[in-house]
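Trainee: Here you go, one structure.
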Amino acid sequence: MLKVISRSTFDLQPVLDTLCEMAGRLCGADLGGIATRQGHVYRFAATFGQSPDFDAVLRQQSHSPGRGSIIGRVLVEGRAVQIADLAADPDYALPESVQIGKVRSNLGVPLMREGLPIGVIVLGRQRVEPFTERQIELVRIFADQAVIAIENTRLLGELQERTDALTRSVTELQALEEVLRAVNSSLDLDTVLATIIGRAVGLSQADEGTIYQFDASEQVFVPKSAFGMSAERVAVLRQRKIRLGETHLGRAAVARAPVYVDNVQQDPTMPGRGAGDVLEGIHAVLAVPLLRDDRVVGGLVIRRRRVGAFAPTIPTLLQTFAGQAVLAIENAGLFREAGRARAEAEAALADLRRAQDRLIHAEKMASLGQLTAGIAHEIKNPLNFVNNFAALSVELLDELKAAAAEAVAALDADKRADIDETIAILTGNLDKIAEHGRRADNIVKSMLEHSRGVSGERRSVDISALVDEALNLAYHGARAQDQSFNITLERDYAPALKPIEVAPQEMTRVFLNLFGNGFYAATRRARESGNGSFQPTLGVTTREDREAVEIRVRDNGTGIPPEIQDQLFQPFFTTKPTGEGTGLGLSISYDVVTQQHGGTITVDSEVGEFTEFTVRLPRHRLASTAGRRR
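Right under this line is the structure:
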């Protein structure tokens, strides 16, 4: 056994396999294993004498202190424990040990290191026969050997890890300049500086570090990136005004060379007031200036919590980092200038496009206004005559029928029937004329309303209250027109929404249009489905969305096909059958939201499932937006 331990210096597995097998053979056990701690639980790391099926079961088990297993009991009691008959033990909770492994007697002995169990040796017999005290003592000896083997492997592993770490450090130092040049190719200054300071702290075995940029106008150093520091300490750094000649950073900038202090807590040059806030717990400090042609660009500072010198190569290494940081800062400045010029050009182009959109829209509205004015002048009066004379003709027919009643009564039945049928047809035709005349009159009124554009006094309102008022108005209006109308209303209003400045009358028109469309779509789906269990539903939600208020109106109606969603907000476009809509409601709503309030109105829909309109109103007036779909 000792030969196995000495040969398997770095490989623990052969040692555990040999230990458990020898312990089992010498103690007359049929099977056994060694469980070791893996995280917060214990698992079998070696077994012997198990059937393949039972071995698979054991490898899947995890154990913790408790009465349900031999390992759990050993962990609870911290000493050797055996169970004479697993089948007769009421607390034993692993029936597979008996059913699959055929185990009847069990012995568990802890592997103790510094008073704590790091594993358990388990032996078992497939018959009821407890282990003797001598056998238990023998297993304890094996347990001590297992602890030694585990501890040796751990220590050797730690040594190997440290050796590997040193090797990695040498490799990183050799590749340092190449890595830094690659990092310097990025135009994201924050990313570049974070990479530089992170590598600087890591390679110098420091605890934290900061890169500063020198503000030439204020003559102070401004922190740009920090590593290993809490947000509170970074905030303290930002509040300090470090000038040339002050602190290690300022002195390094004046000297144009690195400045190093192995114990800053005993540095007489550090100001007593406020220094402890930033340098609390810090001892060693190394500051390197960022220079460009002898001009101070900034500084790089690393700090360590223990007293002692940095490696001799570190100052030169950090000067290499500093050179890369200077290039990154200058490249970022050039990139910002280019980005600023591009942003200005893009903003000018966007303003031009918005102006073009507004001009096109204004021309459309002007054309529509001229057309509507002509319609109002040329068609309004004839429509009134048509409507009035149609109604008058119906009354005259009624009077004619009453006046000719005696003469008609004297006629034979066939002639009376012909006269009644003719009068009924005339009356029906006149009713149709009146009905379509009124529809044409409503279309003209809608066109006039659309051509006038949006207006209205703006004031601060509770948007949830305004939405709810419009919802109640729309619902009761629909009920008044059709007593059979029924729909479930779901309200989800954000609590404590701050008031927003809108034109209440105009926004009420928008909400009424959206609610009316939702009512129509949901009830239409209910009629077409023929399914009495379908419940039409309209949901209304209000939410705070950063610097805006969002209102969502969702129905479970027929939905809108994707190919026509882009046309929804165009004047005179409607998805309703002829005679049921003018196609101006959503167009008016779009103008109210976008032109008058600088907001957006979008639609999301799935045919046969739902339609959801989202109105977003900014708290501060923005330019109109052309986006209509999500």
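Letter 151 of the sequence shown, counting from 1, is numbered 153 in my numbering, and no numbers are missing. Yeah, the Cβ is synthetic: ideal placement off N, Cα and C, and Gly gets one too.
1) Considering only C-alpha positions, which residue in the set Arg156, Ala327 and Gly610 is nearest to Arg201?
2) Under 7 Å Cβ to Cβ from Gly601, same chain only, skipping five residues before and after it: list those, please.
3) Which residues does DSSP list as the beta-bridge partners of Ala550?
4) Please state whether DSSP places Ala177 in a helix, a strand or coil.
5) Can you confirm whether the stretch 287-304 touches the stretch 316-324 when touching is taken to mean that 3 or more C-beta pairs between the two stretches lie within less than 8 Å?
6) Consult DSSP for His285 and reduce its assignment to one of helix, strand or coil.
7) Whose C-beta lies closer than 6 Å to the C-beta of Arg306 among residues of the same chain, with five residues either side of it excluded?
8) Using DSSP with H/G/I as helix, E/B as strand and the rest coil, what is Pro260?
9) Quick one: what's got a C-beta closer than 8 Å to Val256's C-beta in the same chain, skipping five residues either side?
10) So what does Ala37 bridge to, in DSSP terms?
11) Assuming the contact rule is C-beta atoms closer than 8 Å, Val124 and Pro112 should be a hit. Round their C-beta distance to whole Å, please.
12) Please identify the residue among Val17, Glu459, Tyr94 and Gly335 whose C-alpha is closest to the C-alpha of Ala505.
13) Grab the span of the alpha helix (DSSP H) containing Pro54 for me, first residue to last.
14) Can you tell me which of the three DSSP states Gln215 falls into?
15) Figure out for me which residue from Arg545, Gly610, Leu33 and Thr510 has the closest Cα to the Cα of Ser107.
16) Identify which residue in Glu79, Leu109 and Ile102 has its Cα closest to the Cα of Leu118.
17) My guess is that Ala82 and Gly110 are in contact by the Cβ rule of under 8 Å, so how many angstroms apart are they, rounded?
18) So Val130 is in the alpha helix (DSSP H); what residue range does that whole segment cover?
19) Would you kindly work out how many angstroms separate the C-alpha atoms of Leu90 and Gln101, rounded to a whole number?
20) Report yes if the C-beta distance between Gly68 and Leu96 is below 9 Å; otherwise report no.
21) For a test of the three-state rule: what should DSSP assign to Thr510, helix, strand or coil?
22) Cβ atoms of Leu540 and Phe571: under 9 Å apart, would you say?
23) Could you pull out every unbroken beta strand (DSSP E) segment of at least 3 residues lying fully inside the stretch 479-531, listed in chain order?
24) What does DSSP give as the partner residue(s) for Asp606 in the beta ladder?
25) For Val17, name the three-state secondary structure that DSSP assigns.
26) How many Å lie between Asp470 and Phe229 at the Cα?
27) Confirm, please, whether the CB-CB distance from Leu281 to Val266 is below 9 Å.
28) Run the proximity test for Leu60: is its beta-carbon closer than 8 Å to any non-hydrogen atom belonging to the ligand MG?
29) Report yes if the C-beta distance between Phe536 and Arg526 is below 9 Å; otherwise report no.
30) Would Arg440 and Asn515 be called neighbours here (beta carbons separated by less than 9 Å)?
31) Going by DSSP in three states, Cys22 sits in which element: helix, strand or coil?
32) Could you please give the first and the last residue of the uninterrupted alpha helix (DSSP H) stretch that includes Leu113?
33) Out of Arg75, Val76 and Tyr44, state which residue places its alpha-carbon closest to the alpha-carbon of Arg61.
34) Three or more C-beta pairs closer than 8 Å, one from the stretch 11-30 and one from the stretch 136-151: is that the case here?
35) For Leu499, which of Asp464, Phe513 and Leu491 has the nearest alpha-carbon?
Mentor: Taking the geometry as given:
1) The shortest CA-to-CA distance from Arg201 to any of Arg156, Ala327 and Gly610 is the one to Ala327.
2) In chain order, Val595, Val617, Arg618, Leu619 and Pro620 place their CB closer than 7 Å to the CB of Gly601, counting only its own chain and leaving out the 5 sequence neighbours on each side.
3) Answer by DSSP bridge pairing, in chain order: Asp547 and Pro620.
4) Unreliable placement is indicated for Ala177, whose pLDDT of 44 sits below 50; the coordinate value is still reported in the next sentence. In the structure shown, Ala177 sits in coil (DSSP, three-state: anything other than H, G, I, E or B).
5) Taking 8 Å as the limit for Cβ pairs, the verdict is that the stretch 287-304 does touch the stretch 316-324.
6) Three-state DSSP puts His285 in coil, outside helix and strand.
7) Once the five neighbours on either side are set aside, the close Cβ partners of Arg306 are Ala208, Asp209 and Ala286.
8) It is coil, neither helix nor strand.
9) Within the same chain, Val256 has close Cβ partners Leu246 and Gly247.
10) Phe46 and Val122.
11) The Cβ separation is near 11 Å, so there is no contact.
12) Closest in alpha carbon position to Ala505, among Val17, Glu459, Tyr94 and Gly335, is Glu459.
13) First-last of the alpha helix (DSSP H) with Pro54: Pro54 to Gln62.
14) DSSP places Gln215 in strand when its eight states are reduced to three.
15) Just measuring C-alpha positions, the residue of Arg545, Gly610, Leu33 and Thr510 sitting nearest Ser107 is Leu33.
16) Cα-wise, what sits closest to Leu118 is Glu79.
17) Going by Cβ atoms, the distance from Ala82 to Gly110 rounds to 7 Å, so yes, they are a contact pair.
18) First-last for Val130: undefined, no H or E at that position.
19) Note on identity: in this sequence residue 90 is Ala, with Leu being the wrong assignment. Roughly 13 Å separates the two Cα atoms.
20) No, the Cβ-Cβ distance between Gly68 and Leu96 is not below 9 Å.
21) Three-state DSSP puts Thr510 in a helix.
22) No, the Cβ-Cβ distance between Phe571 and Leu540 is not below 9 Å.
23) DSSP runs (the beta strand (DSSP E)) wholly in the stretch 479-531: 490-495 and 502-504.
24) In DSSP, Asp606 forms a bridge with Glu614.
25) Note: Val17 maps to helix in three-state DSSP.
26) Take the alpha-carbon of Asp470 and the one of Phe229: they are about 52 Å apart.
27) The answer is yes: Cβ separation under 9 Å.
28) The ligand MG is not part of this structure, which contains no ligands at all.
29) No, these two residues do not count as a Cβ contact at 9 Å.
30) No, Cβ-Cβ distance for Arg440 and Asn515 is not below 9 Å.
31) Cys22 falls in the helix class under three-state DSSP.
32) Here Leu113 belongs to no alpha helix (DSSP H); instead the beta strand (DSSP E) covers Ser107 to Arg115.
33) The shortest Cα separation from Arg61 among Arg75, Val76 and Tyr44 belongs to Tyr44.
34) Flag = yes, the stretch 11-30 and the stretch 136-151 touch.
35) Ranking the options by Cα distance to Leu499, first place goes to Asp464.
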